[in-house]
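Residue numbering for the sequence shown follows my numbering, beginning at 10 and increasing consecutively. Every residue, glycine too, gets a C-beta built ideally from N, C-alpha and C.
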Amino acid sequence: MREGATDRSADPGTVTMLYLCMEVAGCPTVCRHCWAQGTGYGMMPLADIERVLDQAHQFCAGQGLGFDAYPMHELAAHPDAAWLFGLFNSHSGTVKGAGQVGGGTMFEPWPTTGVSLAAREDWRSVLEAAASTGTVNLWVAFHGSGEVHDRQVNHHGAYAATCLAIERTHAAGLSAGCNVFLTTESLPQLDELTATVSRLVDAGKCFETASYLPTPRSRRNERLRLTLPELAPVASRFAELAAPANRCLWTSLEGRTEAAYVRQALSGDWPAAPDPAPGELALICRPNLDVYSGLAGLYRTRHGNLRTDGVAAVLGRALDHGRQPDDALWFGSGPLPAPDELAARYGNPAGLGIHPGPESVRYLWLDRARQLSR
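See below:
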(Lines of atoms letter the chains of each structure in order from A and count residues from 1; the text may use other names and numbers.)
(Lines give C-alpha, C1' and ligand atoms only; values in the text may rest on other atoms or scores of the structure.)
Protein backbone atom coordinates (compact mmCIF):
# COMPACT_ATOMS: atom_id res chain seq x y z
CA MET A 1 0.00 0.00 0.00
CA ARG A 2 1.34 3.42 -0.98
CA GLU A 3 2.45 5.72 1.82
CA GLY A 4 -0.36 8.06 2.78
CA ALA A 5 -3.15 5.79 1.57
CA THR A 6 -6.00 5.13 3.95
CA ASP A 7 -6.37 1.48 5.00
CA ARG A 8 -10.02 0.94 5.76
CA SER A 9 -9.45 -2.69 6.66
CA ALA A 10 -7.09 -1.81 9.53
CA ASP A 11 -8.26 -2.68 13.04
CA PRO A 12 -9.97 0.52 14.26
CA GLY A 13 -9.47 -0.39 17.89
CA THR A 14 -11.04 -2.19 20.82
CA VAL A 15 -14.72 -1.64 21.51
CA THR A 16 -15.34 0.09 24.83
CA MET A 17 -18.77 1.60 24.14
CA LEU A 18 -21.79 0.30 22.24
CA TYR A 19 -23.88 3.06 20.69
CA LEU A 20 -27.36 2.20 19.46
CA CYS A 21 -29.02 4.65 17.10
CA MET A 22 -32.71 3.78 17.46
CA GLU A 23 -35.08 4.73 14.66
CA VAL A 24 -38.05 5.50 16.88
CA ALA A 25 -39.87 7.86 14.49
CA GLY A 26 -39.57 8.83 10.86
CA CYS A 27 -38.88 12.38 9.79
CA PRO A 28 -41.60 14.44 8.07
CA THR A 29 -38.97 16.18 5.96
CA VAL A 30 -36.50 14.73 3.45
CA CYS A 31 -33.71 17.29 3.57
CA ARG A 32 -31.26 17.27 0.65
CA HIS A 33 -28.26 18.05 2.81
CA CYS A 34 -29.15 15.61 5.61
CA TRP A 35 -26.25 13.43 6.78
CA ALA A 36 -28.76 11.21 8.60
CA GLN A 37 -30.88 10.49 5.50
CA GLY A 38 -34.19 10.77 7.34
CA THR A 39 -37.41 9.53 5.75
CA GLY A 40 -41.00 9.19 6.88
CA TYR A 41 -40.99 5.62 8.19
CA GLY A 42 -43.36 4.56 10.98
CA MET A 43 -43.12 4.67 14.74
CA MET A 44 -41.40 2.25 17.10
CA PRO A 45 -43.82 1.46 19.95
CA LEU A 46 -42.83 2.79 23.36
CA ALA A 47 -42.85 -0.70 24.84
CA ASP A 48 -40.28 -1.84 22.25
CA ILE A 49 -38.10 1.20 22.94
CA GLU A 50 -38.13 0.56 26.68
CA ARG A 51 -37.42 -3.16 26.29
CA VAL A 52 -34.54 -2.67 23.85
CA LEU A 53 -32.90 0.01 25.98
CA ASP A 54 -33.18 -2.06 29.17
CA GLN A 55 -31.92 -5.32 27.64
CA ALA A 56 -29.16 -3.73 25.55
CA HIS A 57 -27.94 -1.78 28.58
CA GLN A 58 -27.92 -4.95 30.69
CA PHE A 59 -26.02 -6.84 27.98
CA CYS A 60 -23.34 -4.16 27.80
CA ALA A 61 -22.99 -4.06 31.58
CA GLY A 62 -22.43 -7.81 31.55
CA GLN A 63 -19.74 -7.40 28.89
CA GLY A 64 -17.99 -4.60 30.75
CA LEU A 65 -18.92 -2.09 28.03
CA GLY A 66 -20.38 1.37 28.20
CA PHE A 67 -23.77 1.89 26.58
CA ASP A 68 -25.39 4.83 24.89
CA ALA A 69 -28.38 5.29 22.61
CA TYR A 70 -30.10 8.09 20.74
CA PRO A 71 -33.60 8.42 19.20
CA MET A 72 -33.75 9.13 15.47
CA HIS A 73 -34.78 10.54 13.11
CA GLU A 74 -37.27 13.00 14.57
CA LEU A 75 -38.02 12.60 18.25
CA ALA A 76 -40.77 15.25 18.11
CA ALA A 77 -42.73 13.08 15.66
CA HIS A 78 -43.15 10.26 18.19
CA PRO A 79 -46.50 10.22 20.03
CA ASP A 80 -44.67 9.56 23.32
CA ALA A 81 -42.00 12.19 22.72
CA ALA A 82 -42.42 13.76 26.16
CA TRP A 83 -41.45 10.45 27.78
CA LEU A 84 -38.43 9.79 25.59
CA PHE A 85 -36.19 12.58 26.92
CA GLY A 86 -35.94 11.09 30.38
CA LEU A 87 -35.92 7.52 29.08
CA PHE A 88 -32.92 7.95 26.79
CA ASN A 89 -31.06 10.10 29.30
CA SER A 90 -31.44 7.37 31.90
CA HIS A 91 -29.51 4.99 29.64
CA SER A 92 -26.77 7.38 28.56
CA GLY A 93 -23.23 6.40 29.37
CA THR A 94 -21.65 9.46 27.77
CA VAL A 95 -23.47 12.43 29.28
CA LYS A 96 -22.24 13.20 32.77
CA GLY A 97 -25.09 13.00 35.26
CA ALA A 98 -27.69 12.18 32.59
CA GLY A 99 -30.91 10.90 34.13
CA GLN A 100 -30.07 12.37 37.54
CA VAL A 101 -31.63 15.41 39.17
CA GLY A 102 -29.59 18.41 38.11
CA GLY A 103 -27.52 16.23 35.78
CA GLY A 104 -26.77 16.62 32.11
CA THR A 105 -28.78 15.68 29.06
CA MET A 106 -27.97 14.43 25.57
CA PHE A 107 -30.61 16.82 24.25
CA GLU A 108 -28.69 20.06 24.72
CA PRO A 109 -29.21 21.47 22.29
CA TRP A 110 -32.11 19.43 20.96
CA PRO A 111 -31.92 19.24 17.14
CA THR A 112 -35.30 19.17 15.40
CA THR A 113 -36.78 20.20 12.06
CA GLY A 114 -39.54 21.97 13.98
CA VAL A 115 -42.21 20.59 11.64
CA SER A 116 -43.46 17.89 14.00
CA LEU A 117 -43.38 20.23 16.98
CA ALA A 118 -45.51 22.74 15.09
CA ALA A 119 -48.06 20.02 14.29
CA ARG A 120 -48.48 18.78 17.86
CA GLU A 121 -51.36 19.92 20.06
CA ASP A 122 -49.33 18.89 23.11
CA TRP A 123 -46.26 20.88 22.05
CA ARG A 124 -45.99 22.66 25.38
CA SER A 125 -45.83 19.44 27.41
CA VAL A 126 -43.14 18.09 25.04
CA LEU A 127 -41.04 21.23 25.45
CA GLU A 128 -41.56 21.22 29.21
CA ALA A 129 -40.45 17.59 29.34
CA ALA A 130 -37.29 18.49 27.44
CA ALA A 131 -36.63 21.42 29.78
CA SER A 132 -37.18 19.27 32.86
CA THR A 133 -34.28 17.03 31.83
CA GLY A 134 -31.89 19.90 31.14
CA THR A 135 -32.60 21.11 27.61
CA VAL A 136 -32.10 24.86 27.27
CA ASN A 137 -31.96 25.31 23.49
CA LEU A 138 -33.66 23.82 20.46
CA TRP A 139 -31.66 23.75 17.25
CA VAL A 140 -33.35 24.04 13.86
CA ALA A 141 -32.16 24.49 10.28
CA PHE A 142 -33.12 27.04 7.62
CA HIS A 143 -32.44 26.38 3.93
CA GLY A 144 -33.91 29.63 2.69
CA SER A 145 -37.27 31.23 3.22
CA GLY A 146 -40.70 30.21 2.02
CA GLU A 147 -40.81 27.86 -0.94
CA VAL A 148 -37.00 27.69 -1.26
CA HIS A 149 -36.76 26.14 2.20
CA ASP A 150 -39.74 23.87 1.50
CA ARG A 151 -38.14 22.52 -1.70
CA GLN A 152 -34.89 21.78 0.07
CA VAL A 153 -36.66 19.72 2.72
CA ASN A 154 -39.36 18.29 0.42
CA HIS A 155 -42.23 19.37 2.65
CA HIS A 156 -44.79 22.02 1.77
CA GLY A 157 -45.24 24.49 4.63
CA ALA A 158 -42.03 23.46 6.40
CA TYR A 159 -40.66 27.01 6.59
CA ALA A 160 -43.76 28.34 8.32
CA ALA A 161 -43.79 25.32 10.63
CA THR A 162 -40.17 25.85 11.63
CA CYS A 163 -40.87 29.49 12.47
CA LEU A 164 -43.92 28.46 14.51
CA ALA A 165 -41.87 25.87 16.38
CA ILE A 166 -39.36 28.55 17.40
CA GLU A 167 -42.18 30.80 18.61
CA ARG A 168 -43.53 27.91 20.68
CA THR A 169 -40.03 27.26 22.02
CA HIS A 170 -39.88 30.81 23.34
CA ALA A 171 -43.40 30.52 24.77
CA ALA A 172 -42.23 27.52 26.77
CA GLY A 173 -39.27 29.47 28.17
CA LEU A 174 -36.56 27.88 26.01
CA SER A 175 -34.20 29.42 23.47
CA ALA A 176 -33.53 28.53 19.85
CA GLY A 177 -30.39 28.31 17.75
CA CYS A 178 -30.06 27.45 14.09
CA ASN A 179 -27.95 26.38 11.15
CA VAL A 180 -28.55 28.30 7.94
CA PHE A 181 -27.52 26.19 4.95
CA LEU A 182 -26.69 28.52 2.10
CA THR A 183 -27.24 27.61 -1.55
CA THR A 184 -27.49 29.38 -4.88
CA GLU A 185 -31.25 29.46 -4.29
CA SER A 186 -31.20 30.86 -0.76
CA LEU A 187 -28.48 33.52 -1.18
CA PRO A 188 -30.76 35.86 -3.20
CA GLN A 189 -33.11 35.78 -0.17
CA LEU A 190 -30.37 36.99 2.15
CA ASP A 191 -32.19 40.07 3.47
CA GLU A 192 -35.41 38.22 4.21
CA LEU A 193 -33.63 35.20 5.63
CA THR A 194 -31.34 37.12 7.96
CA ALA A 195 -34.27 39.23 9.15
CA THR A 196 -36.18 36.09 10.09
CA VAL A 197 -33.19 34.55 11.85
CA SER A 198 -32.41 37.78 13.72
CA ARG A 199 -36.02 38.06 14.86
CA LEU A 200 -36.55 34.47 15.96
CA VAL A 201 -33.20 32.99 16.94
CA ASP A 202 -31.84 34.05 20.32
CA ALA A 203 -29.11 31.41 20.75
CA GLY A 204 -26.31 30.59 18.30
CA LYS A 205 -26.49 31.16 14.56
CA CYS A 206 -24.36 29.12 12.16
CA PHE A 207 -24.20 30.07 8.46
CA GLU A 208 -22.58 27.46 6.24
CA THR A 209 -22.60 25.44 3.06
CA ALA A 210 -23.53 21.78 3.48
CA SER A 211 -20.85 19.10 3.65
CA TYR A 212 -20.70 16.62 0.80
CA LEU A 213 -21.58 12.98 1.37
CA PRO A 214 -21.64 10.17 -1.22
CA THR A 215 -25.45 9.96 -1.38
CA PRO A 216 -28.00 10.66 -4.13
CA ARG A 217 -29.33 13.58 -2.08
CA SER A 218 -25.91 15.15 -1.70
CA ARG A 219 -25.10 14.73 -5.39
CA ARG A 220 -28.27 16.59 -6.24
CA ASN A 221 -27.55 19.27 -3.67
CA GLU A 222 -24.04 19.77 -5.07
CA ARG A 223 -25.58 21.62 -8.02
CA LEU A 224 -26.52 24.37 -5.55
CA ARG A 225 -23.10 24.81 -3.92
CA LEU A 226 -22.05 28.44 -3.68
CA THR A 227 -18.70 29.68 -4.96
CA LEU A 228 -16.09 32.11 -3.68
CA PRO A 229 -17.16 34.94 -6.06
CA GLU A 230 -20.74 34.59 -4.83
CA LEU A 231 -19.95 34.49 -1.10
CA ALA A 232 -16.96 36.84 -0.80
CA PRO A 233 -19.05 40.04 -1.10
CA VAL A 234 -21.26 39.02 1.86
CA ALA A 235 -18.66 37.21 4.00
CA SER A 236 -18.26 40.09 6.44
CA ARG A 237 -22.01 40.21 6.93
CA PHE A 238 -22.15 36.54 7.87
CA ALA A 239 -19.14 36.94 10.15
CA GLU A 240 -21.04 39.60 12.11
CA LEU A 241 -24.21 37.51 12.38
CA ALA A 242 -22.60 34.13 13.13
CA ALA A 243 -21.77 32.62 16.49
CA PRO A 244 -18.04 32.89 17.39
CA ALA A 245 -17.28 29.25 16.52
CA ASN A 246 -18.70 29.77 13.01
CA ARG A 247 -16.87 33.02 12.17
CA CYS A 248 -13.65 31.34 11.07
CA LEU A 249 -15.42 30.04 7.95
CA TRP A 250 -16.21 33.59 6.87
CA THR A 251 -12.74 34.97 7.54
CA SER A 252 -11.00 32.19 5.59
CA LEU A 253 -13.16 31.66 2.51
CA GLU A 254 -10.22 31.59 0.10
CA GLY A 255 -8.88 28.51 1.88
CA ARG A 256 -12.23 26.69 1.67
CA THR A 257 -12.52 26.34 -2.10
CA GLU A 258 -12.00 23.02 -3.85
CA ALA A 259 -9.01 24.56 -5.63
CA ALA A 260 -7.41 25.46 -2.29
CA TYR A 261 -7.94 21.92 -1.02
CA VAL A 262 -6.39 20.51 -4.20
CA ARG A 263 -3.28 22.61 -3.56
CA GLN A 264 -3.20 21.55 0.08
CA ALA A 265 -3.47 17.86 -0.81
CA LEU A 266 -0.78 18.06 -3.49
CA SER A 267 1.58 19.82 -1.07
CA GLY A 268 1.29 16.91 1.38
CA ASP A 269 -0.26 19.11 4.04
CA TRP A 270 -3.55 17.22 4.39
CA PRO A 271 -4.79 16.99 8.00
CA ALA A 272 -5.33 13.58 9.57
CA ALA A 273 -8.99 12.78 10.20
CA PRO A 274 -9.47 12.00 13.91
CA ASP A 275 -11.63 9.12 15.09
CA PRO A 276 -14.89 10.93 16.00
CA ALA A 277 -15.77 8.42 18.72
CA PRO A 278 -12.80 6.31 19.88
CA GLY A 279 -13.79 2.84 21.06
CA GLU A 280 -17.43 3.25 20.00
CA LEU A 281 -19.26 0.53 18.04
CA ALA A 282 -22.06 2.30 16.19
CA LEU A 283 -25.18 0.26 15.40
CA ILE A 284 -28.58 1.09 13.91
CA CYS A 285 -31.80 -0.35 15.31
CA ARG A 286 -34.58 -0.10 12.71
CA PRO A 287 -38.29 0.26 13.62
CA ASN A 288 -38.80 -3.53 13.16
CA LEU A 289 -35.84 -4.12 15.54
CA ASP A 290 -33.41 -5.28 12.85
CA VAL A 291 -29.86 -4.23 13.84
CA TYR A 292 -27.17 -3.16 11.37
CA SER A 293 -23.65 -1.83 11.51
CA GLY A 294 -23.58 1.68 10.18
CA LEU A 295 -24.60 5.25 10.72
CA ALA A 296 -28.03 6.87 10.68
CA GLY A 297 -29.56 6.14 7.28
CA LEU A 298 -26.52 4.05 6.27
CA TYR A 299 -27.25 0.35 6.79
CA ARG A 300 -24.47 -2.14 6.16
CA THR A 301 -23.99 -5.56 7.82
CA ARG A 302 -27.21 -6.96 9.30
CA HIS A 303 -26.67 -8.73 12.62
CA GLY A 304 -30.20 -10.01 13.21
CA ASN A 305 -33.47 -9.00 14.83
CA LEU A 306 -33.66 -8.16 18.52
CA ARG A 307 -37.19 -9.56 18.84
CA THR A 308 -36.76 -12.89 17.07
CA ASP A 309 -33.06 -13.60 17.68
CA GLY A 310 -32.65 -12.06 21.11
CA VAL A 311 -30.62 -9.06 22.25
CA ALA A 312 -27.60 -11.05 23.44
CA ALA A 313 -27.28 -12.98 20.17
CA VAL A 314 -27.61 -9.92 17.94
CA LEU A 315 -25.32 -7.65 19.92
CA GLY A 316 -22.84 -10.50 20.34
CA ARG A 317 -22.63 -10.86 16.56
CA ALA A 318 -22.13 -7.11 16.24
CA LEU A 319 -19.27 -7.20 18.74
CA ASP A 320 -17.66 -10.10 16.89
CA HIS A 321 -17.94 -8.09 13.65
CA GLY A 322 -16.22 -5.17 15.40
CA ARG A 323 -15.77 -1.52 14.63
CA GLN A 324 -15.44 -0.14 11.13
CA PRO A 325 -14.15 3.33 10.18
CA ASP A 326 -16.75 5.64 8.66
CA ASP A 327 -14.85 5.48 5.36
CA ALA A 328 -15.43 1.73 5.20
CA LEU A 329 -19.15 2.16 5.79
CA TRP A 330 -19.36 4.53 2.83
CA PHE A 331 -16.84 2.97 0.45
CA GLY A 332 -16.35 -0.66 1.50
CA SER A 333 -13.27 -2.47 2.79
CA GLY A 334 -9.76 -2.08 1.45
CA PRO A 335 -7.31 0.81 1.06
CA LEU A 336 -8.41 4.19 -0.25
CA PRO A 337 -6.27 6.52 -2.37
CA ALA A 338 -4.36 9.13 -0.42
CA PRO A 339 -5.58 12.76 -0.61
CA ASP A 340 -2.77 13.81 -2.99
CA GLU A 341 -3.68 11.04 -5.43
CA LEU A 342 -7.38 11.89 -5.18
CA ALA A 343 -6.64 15.57 -5.77
CA ALA A 344 -4.45 14.86 -8.79
CA ARG A 345 -6.91 12.49 -10.44
CA TYR A 346 -10.35 13.72 -9.35
CA GLY A 347 -9.93 17.22 -7.94
CA ASN A 348 -10.80 20.38 -9.85
CA PRO A 349 -7.76 22.68 -9.56
CA ALA A 350 -9.92 25.63 -10.62
CA GLY A 351 -12.94 24.69 -8.46
CA LEU A 352 -14.34 27.63 -6.49
CA GLY A 353 -17.12 25.82 -4.62
CA ILE A 354 -16.97 26.56 -0.87
CA HIS A 355 -16.78 23.57 1.48
CA PRO A 356 -16.96 23.67 5.29
CA GLY A 357 -13.88 21.47 5.69
CA PRO A 358 -11.43 19.05 4.06
CA GLU A 359 -13.51 15.90 4.65
CA SER A 360 -16.32 17.34 2.53
CA VAL A 361 -13.96 17.71 -0.43
CA ARG A 362 -12.27 14.36 0.13
CA TYR A 363 -15.66 12.61 0.05
CA LEU A 364 -16.50 14.52 -3.13
CA TRP A 365 -13.30 13.22 -4.77
CA LEU A 366 -13.88 9.68 -3.53
CA ASP A 367 -17.42 9.74 -4.86
CA ARG A 368 -16.21 11.04 -8.24
CA ALA A 369 -13.73 8.17 -8.34
CA ARG A 370 -16.46 5.67 -7.59
CA GLN A 371 -18.87 7.12 -10.14
CA LEU A 372 -16.20 7.14 -12.86
CA SER A 373 -15.25 3.52 -12.17
CA ARG A 374 -18.77 2.27 -12.86
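**Item:** DSSP three-state assignment for Ile363, whether helix, strand or coil
**Value:** On the sequence shown, residue 363 is found 354 positions in, with the first residue counted as 1. In this structure, Ile363 counts as strand in the three-state DSSP scheme.
**Asked** Buried or exposed: Thr38, going by 16 or more other Cβ atoms within 10 Å of its Cβ?
**Response** By one-based count along the sequence shown, residue 38 stands at place 29. Flag for Thr38 reads buried.
**Prompt:** Is the beta carbon of Ala78 less than 9 Å from the beta carbon of Cys30?
**Reply:** As a working mapping, residue 78 is identified with position 69 in the sequence shown. As a working mapping, residue 30 is identified with position 21 in the sequence shown. Cβ atoms of Ala78 and Cys30: closer than 9 Å.
**Request:** For Glu239, decide whether its Cβ has a neighbour in chain B, counting only Cβ atoms nearer than 9 Å.
**Result:** Absent from the structure is chain B; it holds one protein chain and no more.
**Request:** Sort Leu126, Ala252, Ala321, Leu209 by Cα distance to Ala70 and report the nearest one.
**Result:** As a position in the sequence shown, residue 70 is number 61, starting the count at 1. Looking from the CA of Ala70, the closest CA among Leu126, Ala252, Ala321, Leu209 belongs to Ala321.
**Prompt:** Considering Asn230, what are the terminal residues of the alpha helix (DSSP H) in which it resides?
**Reply:** Working through the sequence shown from its first residue, we reach residue 230 at position 221. Residues 225-230.
**Request:** Tell me, please, whether the stretch 178-193 touches the stretch 146-164 by the rule of three or more beta-carbon pairs shorter than 8 Å.
**Result:** yes
**7 Å Cβ shell around Asp48 - same chain, five flanking residues per side excluded** = Within the sequence shown, residue 48 is the residue found at index 39, counting from 1. With the sequence shown as reference, residue 48 is identified as Thr, and Asp is not the correct amino acid for it. Counting only Cβ-Cβ distances below 7 Å, and skipping sequence neighbours, we find Gly35, Cys36, Val39.
**Request:** Confirm, please, whether the CB-CB distance from His42 to Arg232 is below 9 Å.
**Result:** Working through the sequence shown from its first residue, we reach residue 232 at position 223. Working through the sequence shown from its first residue, we reach residue 42 at position 33. It is not a contact, given that the beta carbons lie outside the stated cut-off.
**Prompt:** Considering Gly71, what are the terminal residues of the alpha helix (DSSP H) in which it resides?
**Reply:** Reading the sequence shown from its first residue, position 62 is the one you call residue 71. Segment 55-72, the alpha helix (DSSP H) holding Gly71.
**Buried versus exposed call for Gln380 [16 or more other C-beta atoms within 10 Å across all chains shown]** = Counted from its first residue, the sequence shown places residue 380 at position 371. Label assigned to Gln380: exposed.
**Asked** Which stretch, first to last residue, makes up the beta strand (DSSP E) that contains Asn98?
**Response** Taking the sequence shown and counting its residues from 1, the one referred to as residue 98 is at position 89. Not the beta strand (DSSP E): Asn98 falls in the alpha helix (DSSP H), residues 90-99.
**Identity of the residue in Gly303, Gly155, Pro348, Arg234 nearest Gln46 by Cα** = If you number the sequence shown from 1, residue 46 lands on position 37. The residue with the shortest Cα to Cα distance from Gln46 is Gly303.
**Request:** For His66, collect the residues of the same chain with a Cβ closer than 6 Å to its Cβ; drop the 5 residues on either side in sequence, then sort them by chain order.
**Result:** On the sequence shown, position 57 is the one that residue 66 refers to. Within the same chain, His66 has close Cβ partners Phe76, His100.
**Message:** Between which residues of its own chain and Phe216 is the CB-CB distance below 7 Å, once the five residues before and five after are set aside?
**Reply:** As a working note, residue 216 is residue 207 in the sequence shown. Only Val189, Leu191, Phe247, Leu250, Ala251, Asn255 meet the Cβ criterion.
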